[in-house]
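K.L.:
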Amino acid sequence: MPPESLLADIGRAFTGMQQAREAFAPQFAPREIGTITTVSTGIATVTGLSGVGFEELVRFPGDLYGIAFNIDAQEIGVVLLGDYSHLHTGDEVTRTGRVMDVAVGEPLLGRVVDPLGRALDGKGPLGNLQRLPIERDAKAIMDRSPVSVPLQTGIKVIDALTPIGRGQRQLILGDRQTGKTAIAIDAILNQRGQNVVCIYAAIAQRASAVAKVIADLTARGAMEYSLVVVSAGNDAPGLTYIAPYAATSIAEHFMETGRDVLIVYDDLTQHARAYRELSLLLRRPPGREAFPGDIFYIHSRLLERSTHLRQELGGGSLTALPIVETEAQDIAAYIPTNLISITDGQLYLSPTLFELGVLPAVDVAKSVSRVGGAAQLAAYRTIAGNLKLAYSQFEELEAFARFGTRLDDNTRKIIEHGARLRACLKQPQFEAVPVLEQITVLLALTAGLFDDLPLELTADIERALRAATAQLAADAREHCLQSAPLSDADHSAILRVATAALAAFKKKP
Ligand SMILES: Nc1ncnc2c1ncn2[C@@H]1O[C@H](COP(=O)(O)OP(=O)(O)O)[C@@H](O)[C@H]1O
Ligand SMILES: [Mg+2]
Numbered sequence: 004m005p006p007e008s009l010l011a012d013i014g015r016a017f018t019g020m021q022q023a024r025e026a027f028a029p030q031f032a033p034r035e036i037g038t039i040t041t042v043s044t045g046i047a048t049v050t051g052l053s054g055v056g057f058e059e060l061v062r063f064p065g066d067l068y069g070i071a072f073n074i075d076a077q078e079i080g081v082v083l084l085g086d087y088s089h090l091h092t093g094d095e096v097t098r099t100g101r102v103m104d105v106a107v108g109e110p111l112l113g114r115v116v117d118p119l120g121r122a123l124d125g126k127g128p129l130g131n132l133q134r135l136p137i138e139r140d141a142k143a144i145m146d147r148s149p150v151s152v153p154l155q156t157g158i159k160v161i162d163a164l165t166p167i168g169r170g171q172r173q174l175i176l177g178d179r180q181t182g183k184t185a186i187a188i189d190a191i192l193n194q195r196g197q198n199v200v201c202i203y204a205a206i207a208q209r210a211s212a213v214a215k216v217i218a219d220l221t222a223r224g225a226m227e228y229s230l231v232v233v234s235a236g237n238d239a240p241g242l243t244y245i246a247p248y249a250a251t252s253i254a255e256h257f258m259e260t261g262r263d264v265l266i267v268y269d270d271l272t273q274h275a276r277a278y279r280e281l282s283l284l285l286r287r288p289p290g291r292e293a294f295p296g297d298i299f300y301i302h303s304r305l306l307e308r309s310t311h312l313r314q315e316l317g318g319g320s321l322t323a324l325p326i327v328e329t330e331a332q333d334i335a336a337y338i339p340t341n342l343i344s345i346t347d348g349q350l351y352l353s354p355t356l357f358e359l360g361v362l363p364a365v366d367v368a369k370s371v372s373r374v375g376g377a378a379q380l381a382a383y384r385t386i387a388g389n390l391k392l393a394y395s396q397f398e399e400l401e402a403f404a405r406f407g408t409r410l411d412d413n414t415r416k417i418i419e420h421g422a423r424l425r426a427c428l429k430q431p432q433f434e435a436v437p438v439l440e441q442i443t444v445l446l447a448l449t450a451g452l453f454d455d456l457p458l459e460l461t462a463d464i465e466r467a468l469r470a471a472t473a474q475l476a477a478d479a480r481e482h483c484l485q486s487a488p489l490s491d492a493d494h495s496a497i498l499r500v501a502t503a504a505l506a507a508f509k510k511k512p
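Residue numbers for the sequence shown follow our numbering, beginning at 4 and rising by one.
1. Where does residue 125 land, buried or exposed, given buried means 16+ other C-beta within 10 angstroms?
2. Among 333, 258, 244, 487, whose alpha-carbon lies nearest the alpha-carbon of residue 281?
3. As a quick exercise: from 129, 495, 477, 199, pick the residue whose alpha carbon is nearest that of residue 447.
4. Which of helix, strand or coil does DSSP assign to residue 373?
5. Using the C-alpha atoms, what's the distance from residue 231 back to residue 254?
6. I need the residues with a C-beta less than 5 Å from some heavy atom of ligand 1; please give them in chain order.
7. State whether the stretch 388-396 contacts the stretch 354-363, with contact taken as three or more CB pairs (one from each stretch) at a distance under 8 Å.
8. Please state whether the Cβ-Cβ distance between residue 329 and residue 320 is less than 8 Å.
9. Unbroken beta strand (DSSP E) runs of length 3 or more, entirely within the stretch 159-206: which are they?
10. Can you tell me where the alpha helix (DSSP H) holding residue 395 begins and where it ends?
11. Which stretch, first to last residue, makes up the alpha helix (DSSP H) that contains residue 439?
12. Taking 8 Å as the cut-off, does the stretch 20-39 touch the stretch 209-223 (at least 3 CB pairs, one atom from each stretch)?
13. Using a Cβ-Cβ cut-off of 8 Å (strictly less than) and excluding sequence neighbours within five positions of residue 220, which residues of its own chain qualify?
14. Quick one: does the C-beta of residue 269 sit closer than 7 Å to a heavy atom of ligand 3?
15. Taking 7 Å as the cut-off, does the CB of residue 214 come closer than this to any heavy atom belonging to ligand 2?
16. Taking DSSP as the reference, what is the three-state secondary structure of residue 43?
17. Between residue 270 and the rest of its own chain, which residues show a CB-CB distance below 8 Å, the 5 nearest in sequence each way excluded?
18. Taking a contact to mean a Cβ-Cβ separation below 8 Å, would you say residue 135 touches residue 256 in this structure?
19. Helix, strand or coil: which one does DSSP assign to residue 91?
20. Per DSSP, what are the beta-bridge partners of residue 149 in this structure?
21. Tell me whether the beta-carbon of residue 239 lies closer than 8 Å to the beta-carbon of residue 87.
Listed below in structure tokens is the structure:
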């Protein structure tokens, strides 16, 4: 190579280096590094992070994150969000400058994720999705509109007597093994084709129970429009604590795009326990039942996020079905009473009814829906009034009848009628009844068409009536689904079809 070109090359390289040196402007950013002083079950205390903000995410070795929960002048108490067995005192902790967030969006449908938005179903990572903070302010009062559209569960006793509207918060409470989860799952399954996104938040449930729910949803084709957020029973209490908030942020994102969303929190008793555990470990003062002072607030700020948005904001809605497990039927315990006062109504499931085989074991007298009535389809309204009255009369008299007292004719009639109401409101799991069939059956029931038919045939009678709805004239069928009440003509049309269908049962002794 000729020496001049070599020299020119060197010269060019030299100017390049000089330019780079001039352009180099180092940026100094402070990075606070703290150290762990103690680690205990699910929490750690950290010193040296003086600038950390409340609920800021901090990072531990091994890709473990925590939330700064208690901020003191000397040290901070951090709730750990995952397995902390590898942490030691003296380990480095760094600030992240952000709060906890979760992946949101359409690709989550059909997936099973943990409260940090990581896939648990082995179907691969979720990719780069939009993220929202897990704690968000509830919608302002002016952004909300009244609950006006029903959310059909397909369960007769609920749709008729304690109806749920889109945007409502309806508590499901009862002892263990009374069918709480079963009702919530049936409600999700009935949203098929209704354009409702469903989210099941499993909060510290047994892994086998969660697996069963996922299998039920998958087998019945509900995963197409649903997703499951799981914190397992053996997860760090921090993960259990954030699970419902993360699930709600995912739900809110759908709601803000104008969709109707149904979210099930199964269950908030476990959530309260996880929070109590964390609070006690963080040495916050315990109050009633050893729960911390803000236990009401953590649930009210969660459930206040359910709403029905104004039309101008897309008209989406978020309906919540929080579940609470009572102990020995004590609905006056601390957490159940808190939640009863926060929600817009409750479904109480009675272990006594469950044992008698009255399933779903909804205790009609103790269940109420404070806003759903306004959203209920008009066709139900006349029926619901009669049904409720007859049922409560029956429950009152039933207690007397047990003593073997001789009953007058009128009382006997009420009891016989009531027994048929109860039998007819029974419904197996996974057998949703469509609106038209519910109305036909309940109308026939309240009109007394069941009364002189054998009680033990109630299930068959109901089946016959449901099949008979196919013979209803098209206009009567349509009227059942509209917002106007059924006309007298519709009533008699339905009763005529019902009477014809029941004729076959009359002949039997
Ligand atoms: N309507 C029903 N018909 C028949 N079995 C039911 C019904 N509802 C619940 N079960 C059964 O009762 C058991 C307890 O229900 P589950 O929903 O798990 O109770 P919980 O969530 O209150 O502990 C389950 O085995 C379930 O299959
Ligand atoms: Mg359950």
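Glycine included, each C-beta is placed from N, C-alpha and C at the ideal position. Quantities reported herein were computed from a predicted structural model and do not represent experimental measurements.
P.N.:
This is what the structure holds:
1. exposed
2. 244
3. 495
4. coil
5. 11 Å
6. 179, 180, 181, 182, 183, 184, 185, 362, 363, 431, 432
7. no
8. no
9. 174-177
10. 381-404
11. 438-449
12. no
13. 188, 191, 192, 203, 226, 229, 231
14. Of the ligands one can find in the structure shown, namely ligand 1 and ligand 2, none is ligand 3.
15. no
16. strand
17. 183, 206, 208, 325, 326, 327, 328
18. yes
19. coil
20. In the DSSP output, where bridge partners are listed per residue, residue 149 has none listed.
21. yes
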